[in-house]
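K.L.:
Numbering of the sequence shown is given in numbering that gives the first Met the number 0, commencing with residue 0 and proceeding in unit increments.
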Amino acid sequence: MNKEIRLKPIGIIYTPYKDIKGMPIQGKFEKNVIGRVEVFQKYQKGLKDVNGFSHLILIYYFNRAREENLIGKPFLEKGERGIFSIRSPFRPNRLGISIVKIKNVKNNIITFSEVDILDKTPLLDIKPYVTHYDSRENVKNGWIDKHFEKSKMPANIILE
0 MNKEIRLKPI GIIYTPYKDI KGMPIQGKFE KNVIGRVEVF QKYQKGLKDV NGFSHLILIY
60 YFNRAREENL IGKPFLEKGE RGIFSIRSPF RPNRLGISIV KIKNVKNNII TFSEVDILDK
120 TPLLDIKPYV THYDSRENVK NGWIDKHFEK SKMPANIILE
């Protein structure tokens, strides 16, 4: 099966990050920055009941990633890793996901914190983050665990 799949944006994500400089490697490391999603009017009805959740999973397209690599350098490492073991935007399908904290939902606008997305990124889908479904116990974090030993934060969580 080698059929092409076409996706259409359901909205646009707006953030203060015009480029990666100053952006956190994951949104949970920067709780005070605010972003917003503008869902296109024809999808607004789909936001019904979203305000009952504290967090959302945003699925988006890395529209500024111009290349595809199966090997890449993660932000926390000097060496290279396989693309499916890192969170680089230079993926075969350029799909990104972020968990964000809802601040407000009004009409077709979702205001959120815990931002790690570039400004004017195309939004492909929204799902509620549900602890009962999305959280796991006894998780192995591969090569990343060494960067969080003894519960301390790595030094380079904000991109330069």
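Cβ atoms here follow ideal geometry from the backbone N, Cα and C, with glycine treated the same way. In this text the structure is predicted, and so the values were computed from the model without any measurement.
Using the three-state DSSP reduction, which class does LEU158 fall into: helix, strand or coil?
P.N.:
In this prediction, LEU158 scores a pLDDT of 46, lower than 50, which makes its location untrustworthy; the coordinate-derived value is nonetheless stated afterwards. In this structure, LEU158 counts as coil in the three-state DSSP scheme.
K.L.:
Go ahead and pull the three-state DSSP assignment for THR130.
P.N.:
Residue state, collapsed to three classes: helix.
K.L.:
According to DSSP, is TRP142 part of a helix, a strand, or is it coil?
P.N.:
In the structure shown, TRP142 sits in a helix (DSSP, three-state: H, G or I).
K.L.:
Beta strand (DSSP E) containing LYS105: first to last residue?
P.N.:
Looking at the DSSP string, the run of the beta strand (DSSP E) that includes LYS105 is 94-105.
K.L.:
Could you give the distance in angstroms between the alpha-carbon of ILE70 and the alpha-carbon of TYR13?
P.N.:
Each residue's Cα considered, the two are about 29 Å apart.
K.L.:
Would you check if the distance between the CB atom of VAL36 and the CB atom of GLY10 is smaller than 8 Å?
P.N.:
Yes, the pair counts as a contact, with Cβ atoms nearer than the cut-off.
K.L.:
Between LEU55 and LYS126, how many whole angstroms is the CB-CB distance? I'm expecting something under 8 Å.
P.N.:
7 Å between Cβ atoms; contact.
K.L.:
For TYR42, does the three-state DSSP call read helix, strand or coil?
P.N.:
DSSP places TYR42 in helix when its eight states are reduced to three.
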